[in-house]
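Peer 1: Using our numbering, you'd call the opening residue of the sequence shown number 157 and step up by one each time. The C-beta atom is built at its ideal place from N, Cα and C for all residues, glycine as well.
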Amino acid sequence: MTKQSDIDEFLDKHILSVQKPIRYLGGEYGSANKPFYSSLEEGLNTALVFPDTYEVGMSHLGLKILYALLNNREGMMCDRAFAPYPDMKALMEEQGIPLFGVESRKPLRGFDVVGFSLQYELSFPTLLQMLKLSGISVKSRKRGEGEPFIVAGGPVASNPEPLADYMDLVFIGDAEESFPEALDLIRAGRREKMNRQAIISRVAESVPGVYAPSLYEPLDEKENSPLIPVLKTIPRQVERRVVDLDRFRVPSVIPVPHGEIIHNRASLEIMRGCSRGCRFCHAGFFYRPKRERRLADLCQGGIALLENTGFSEISLSSLSTSDYSEILSLARQLSRYTQPRKIGTELPSSRLDSLDIQFLKEISSVKRGGLTLAPEAGTQRLRDVINKNITEDDIQKALSLARSLGWKAVKLYFMIGLPTETDEDLDGITALVNRLAKEKWAVRVSLSVFIPKPHTPFQWEKPLQGEELSRRYSYVYTRLDKRVKMSWRSPLTARLEALFSRGGRHLSVLLDQTLEAGIYLDGWDEYFQKEKWKTLLNENPRLDDELKELCEDAFLPWDIIHIGVDKDFLIEERKKAYAEQTTSSCIPGCRKCGVCGEGIEVIESRGDGNESPALRDYPVGRAGERRKYRFWFSRTRVMRFLSQKDLIHVIQSSLMRSNSPILFSEGFNPHPRISFCQPAPLGIETEHDFFECSMTAPLLISPREISRFFPEGMDINAIEEITDGSKSSQFVFETAAFPVTESRKSRFGKDSWVYFDEKKEKYVTIKGVVKKENREGQLVVTYDNREASLKKLIQYLLDGEEEPRQLSNIRRTGFHKGECHEEINRY
157 MTKQSDIDEF LDKHILSVQK PIRYLGGEYG SANKPFYSSL EEGLNTALVF PDTYEVGMSH
217 LGLKILYALL NNREGMMCDR AFAPYPDMKA LMEEQGIPLF GVESRKPLRG FDVVGFSLQY
277 ELSFPTLLQM LKLSGISVKS RKRGEGEPFI VAGGPVASNP EPLADYMDLV FIGDAEESFP
337 EALDLIRAGR REKMNRQAII SRVAESVPGV YAPSLYEPLD EKENSPLIPV LKTIPRQVER
397 RVVDLDRFRV PSVIPVPHGE IIHNRASLEI MRGCSRGCRF CHAGFFYRPK RERRLADLCQ
457 GGIALLENTG FSEISLSSLS TSDYSEILSL ARQLSRYTQP RKIGTELPSS RLDSLDIQFL
517 KEISSVKRGG LTLAPEAGTQ RLRDVINKNI TEDDIQKALS LARSLGWKAV KLYFMIGLPT
577 ETDEDLDGIT ALVNRLAKEK WAVRVSLSVF IPKPHTPFQW EKPLQGEELS RRYSYVYTRL
637 DKRVKMSWRS PLTARLEALF SRGGRHLSVL LDQTLEAGIY LDGWDEYFQK EKWKTLLNEN
697 PRLDDELKEL CEDAFLPWDI IHIGVDKDFL IEERKKAYAE QTTSSCIPGC RKCGVCGEGI
757 EVIESRGDGN ESPALRDYPV GRAGERRKYR FWFSRTRVMR FLSQKDLIHV IQSSLMRSNS
817 PILFSEGFNP HPRISFCQPA PLGIETEHDF FECSMTAPLL ISPREISRFF PEGMDINAIE
877 EITDGSKSSQ FVFETAAFPV TESRKSRFGK DSWVYFDEKK EKYVTIKGVV KKENREGQLV
937 VTYDNREASL KKLIQYLLDG EEEPRQLSNI RRTGFHKGEC HEEINRY
């Protein structure tokens, strides 16, 4: 079995041969880094796995919530793993290295529990590839006693049947309570030497909201036959778990990625659920009822989150942020902390009919983020069908309000293929968009495809596909103003999403074939294997039955799950849709959907109206005061794999965490006034690099104190105030040290340093070397970085060596000012 030392050796030898190696190495500021337990008596080892890339997974709030929750418990260690990019995956397969946790570097096969987050149906093939790469039996029934329990959760788990053959347990709904409860039972069961199936049964019997697919069997051999439990002690229908958010505060200590991710900001969940009832929206029904977090908790939690992460933006996260009952108070109180620190506020989603001018002023006072609105349909008739409950007047008022505050660009989301849609509705889209273009808006239009989702009033509908879908895309595109940019989903992608959204257990046949075909990361356009999918679908023509209109009285694969919304309510909502009737929000009064009751209810914030003070005052200097400091730092271990762009991100976020009085640029997108020395090649350790930062007040912190706010492996060695007007451009001489080898020593001693550049296909003579010496087993070179570069020196001195591994022994040891060149002495 692969050991941690094997993985360490693999990374040391090969990591520089893949793109952006830092994404695989962990070491982020805020990581738990708990020790891997050697026995169940010590604790349980759990890995949270996101079936997509690091940049996508680390943008997901749910993963961060569970990660913090589990690592704060005694006897619980939680690591993370993500889908490696194709170059890394191929290298791991070639070298026989299994998928591993980014913190522990332990193979996933060695964990007790491996939990997958299900956010998107097209991640299913990637999930299976990750199991295969981990060396874990893909099918649940084939797993041995020593293998980890494979579990899953998330919104897509509301129809768990396509993955039923692969999952041991599936968590339905909020997992803050059910997941730890199940983990405790798994640990206890293994300590008691219970067999695998007995542990699964115990969890299914004891923990509400947990579905064990192996404990439910089809009533007969027909496809999508009703499922019945094989034990009398487990429920016939698994109820969705709903938690009291007041018991689970927003985590304020989370891993901070070294570089940019998809959503490169702090995420503050202000509420869960939605009261609106858009009939196409799975999340709106799945997360019912609307549950707001307390205003005071959000103010304190949001500030703590920013203090501990150093992000330059915060997102107020929910399904409809502007519907939070005290959103203006929240924005105002957070702005007391964010405005002096130039931290922007982002809205992931907002209702067109609930935007407020004072609220928009607050969130745009520092940075004006993108304006994204979702009319969804082009006519009032179709908006009534889908229960969007906004009018043309709402749209116009929202845009006029945004324009008055300085917004000039807008992104609009529309959905194609909605029930009862006609060309007249498509004309409504183009009319609205073209009017905005004539009003000098910079407009981007995103056309998504209506997919009938489980547990919604439209779950029985036939999805639009093929030629008709392409025709409607073309119909809209050809009628749009040429200044408008439009994006859309592939018809094949939409077909697959519909298939996996509504499919049953028999889809495992197709998923098994995707595993053999090597389908992987198909949520990304650049990795989507169109021809392979076409071949597989042609080989499985019966799957088209999943894409037909379904009968309301037929058994549906996801009927084994009850999310709390009664099916009769969904049927009634469907009838109202075809009658073009709307249903109002449940906030003024209950709409009898069936969710509330037995401790589950709509919860609105209980604010006391008092101001929540910022946790730390921001240092403020005298008017017009400007100070500039030079920070000397070293980079070792994981930090040597930071690209220059990532290094800039790390320095900025670390300074923000330290509460340093950073001077920002002016304008609507302020940036810290920081300059940097010449970047070192990727993989090189540095002993005495520097950056310079302008401040608005004296910097009253020592190098040792400020180093606490940087990731491990990056230390501030000295801080000096720049009072002599010197500039970073004056440091033109660099020194680097190479461990002595016979080949290097021979090349080092030559009078002329010449190497062949394979990319440029010519010989290159290195100029600018001003001093060289053999010092205690180190070949030390000082060079003028205006003429030479460390990259060129490496190419010359390491010619013919196995470069990726050898770079770990090379160090850049310092910089010297240009006027000091006499002290260096040219040889």
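Take every Cβ of the stretch 472-483, pair it with every Cβ of the stretch 418-435, and state whether three or more of those distances are shorter than 8 Å.
Peer 2: With a cut-off of 8 Å, the stretch 418-435 and the stretch 472-483 count as touching, because enough Cβ pairs lie within range.
Peer 1: My guess is that GLN800 and ASN941 are in contact by the Cβ rule of under 8 Å, so how many angstroms apart are they, rounded?
Peer 2: That belief does not hold up - the Cβ atoms of GLN800 and ASN941 are roughly 14 Å apart, past 8 Å.
Peer 1: Determine the direct distance from the alpha carbon of SER520 to that of GLY823, and round the result to whole angstroms.
Peer 2: Roughly 12 Å separates the two Cα atoms.
Peer 1: Return the chain-ordered ranges of every beta strand (DSSP E) run that is complete within the stretch 376-409 and spans a minimum of 3 residues.
Peer 2: Counting only runs of 3 or more, we get 383-385.
Peer 1: Grab me the residues of PHE711's own chain with a C-beta within less than 6 Å of its C-beta, minus the 5 sequence neighbours each way, in chain order.
Peer 2: Within the same chain, PHE711 has close Cβ partners PRO382.
Peer 1: Skipping 5 residues on each side, what residues in its chain have a beta carbon closer than 7 Å to that of TRP563?
Peer 2: Here the set comprises ARG524, LEU527.
Peer 1: Buried or exposed for ARG968, going by 16 or more other Cβ atoms inside 10 Å?
Peer 2: ARG968 comes out buried.
Peer 1: Among residues of its own chain, excluding the 5 on either side of LYS498, which ones have a beta-carbon nearer than 6 Å to its beta-carbon?
Peer 2: Cβ within range, chain order: VAL522, PHE820, PRO826.
Peer 1: How many Å lie between GLU165 and PRO610 at the Cα?
Peer 2: If you take the alpha carbons of GLU165 and PRO610, they lie about 46 Å apart.
Peer 1: Tell me, please, whether the stretch 302-317 touches the stretch 269-277 by the rule of three or more beta-carbon pairs shorter than 8 Å.
Peer 2: Touching, yes.
Peer 1: Whose C-beta lies closer than 6 Å to the C-beta of SER491 among residues of the same chain, with five residues either side of it excluded?
Peer 2: Cβ neighbours of SER491 beyond the five flanking positions: GLU518.
Peer 1: So, under 8 Å CB-CB, HIS419 and ASP802 are touching, yes? Tell me the CB distance rounded to an integer number of Å.
Peer 2: Contact doesn't hold; Cβ gap of about 17 Å is too wide.
Peer 1: Rounded to whole angstroms, what's the CA-CA distance from PRO697 to TYR683? Just pull it up for me.
Peer 2: The alpha-carbon atoms of PRO697 and TYR683 are separated by roughly 24 Å.
Peer 1: Specify whether the stretch 224-240 and the stretch 687-704 touch according to this definition: at least 3 beta carbon pairs, one from each stretch, less than 8 Å apart.
Peer 2: Verdict: no, contact absent.
Peer 1: Taking 8 Å as the limit between beta carbons, can you name the residues of its chain near SER362, skipping five residues before and five after?
Peer 2: For SER362, where only same-chain residues beyond five positions count, the Cβ hits under 8 Å are GLU337, LEU341.
Peer 1: Could you pull the DSSP bridge partners for MET233 from this structure?
Peer 2: Paired residue(s): ASN201.
Peer 1: Helix, strand or coil for GLU548, going by three-state DSSP, please let me know.
Peer 2: Helix at GLU548.
Peer 1: CA-CA distance, GLY720 and GLY869?
Peer 2: Each residue's Cα considered, the two are about 49 Å apart.
Peer 1: Grab the span of the beta strand (DSSP E) containing PRO531 for me, first residue to last.
Peer 2: Start and end: 528-532.
Peer 1: Indicate the three-state DSSP secondary structure (helix, strand or coil) for ALA714 in the structure shown.
Peer 2: According to the sequence as given, residue 714 is Trp; it is not Ala. If DSSP states are grouped into helix, strand and coil, TRP714 belongs with the helices.
Peer 1: If you count every other CB in all the chains shown that lies within 10 Å of the CB of LYS159, and 16 or more means buried, which is it?
Peer 2: By the 10 Å Cβ count, LYS159 comes out exposed.
Peer 1: Are the Cβ atoms of ALA360 and ILE390 separated by less than 8 Å?
Peer 2: In contact: ALA360 and ILE390 (Cβ atoms closer than 8 Å).
Peer 1: Just list the beta strand (DSSP E) runs in the stretch 260-338, keeping only unbroken ones of 3 residues or longer that don't cross its boundaries, in chain order.
Peer 2: Segments of the beta strand (DSSP E) lying fully in the stretch 260-338: 269-273, 305-309, 325-327.
Peer 1: Quick check on ASN930: does DSSP put it in helix, strand or coil?
Peer 2: Note: ASN930 maps to strand in three-state DSSP.
Peer 1: According to DSSP, ILE872 sits in a beta bridge with which residue or residues?
Peer 2: ILE872 pairs with PHE789.
Peer 1: Near ARG782, what residues of its chain come up, given a Cβ to Cβ distance below 8 Å and the 5 sequence neighbours on each side ignored?
Peer 2: Hits under 8 Å: LEU819, SER850, MET851, THR852.
Peer 1: Assign LYS947 to one of three DSSP states: helix, strand, or coil.
Peer 2: Looking at LYS947 - three-state DSSP - the assignment turns out to be helix.
Peer 1: Is ALA770 buried or exposed, if buried means 16 or more other CB atoms sit within 10 Å of its CB?
Peer 2: At ALA770, the pLDDT of 48 sits below 50, so the modelled position is not reliable and the matter cannot be decided from this model.
Peer 1: If we call anything under 8 Å between Cβ atoms a contact, is SER290 one with PHE192?
Peer 2: No, these two residues do not count as a Cβ contact at 8 Å.
Peer 1: Is the stretch 571-588 touching the stretch 406-413 in the sense that three or more CB pairs, one from each, lie closer than 8 Å?
Peer 2: Cβ pair count under 8 Å is below three, so no.
Peer 1: Distance check for ASP871 and LEU568, CA to CA, integer angstroms please.
Peer 2: The alpha-carbon atoms of LEU568 and ASP871 are separated by roughly 45 Å.
Peer 1: When the distance is taken between beta carbons, is SER334 closer than 8 Å to ILE743?
Peer 2: It is not a contact, given that the beta carbons lie outside the stated cut-off.
Peer 1: With a cut-off of 8 Å, do at least 3 Cβ pairs link the stretch 392-404 to the stretch 722-741?
Peer 2: As far as the Cβ criterion goes, the stretch 392-404 does not touch the stretch 722-741, which means the pair count is below three.
Peer 1: Is the separation between the beta-carbon of PRO318 and that of TYR367 shorter than 8 Å?
Peer 2: Cβ atoms of PRO318 and TYR367: not closer than 8 Å.
Peer 1: Following the continuous beta strand (DSSP E) through GLU843, name the residue where it begins and the one where it ends.
Peer 2: 841-851 is the extent of the beta strand (DSSP E) around GLU843.
Peer 1: Any idea which residues DSSP pairs ILE483 with across the strands?
Peer 2: The partner list for ILE483 (beta bridge, DSSP) is empty, contrary to what the question assumes.
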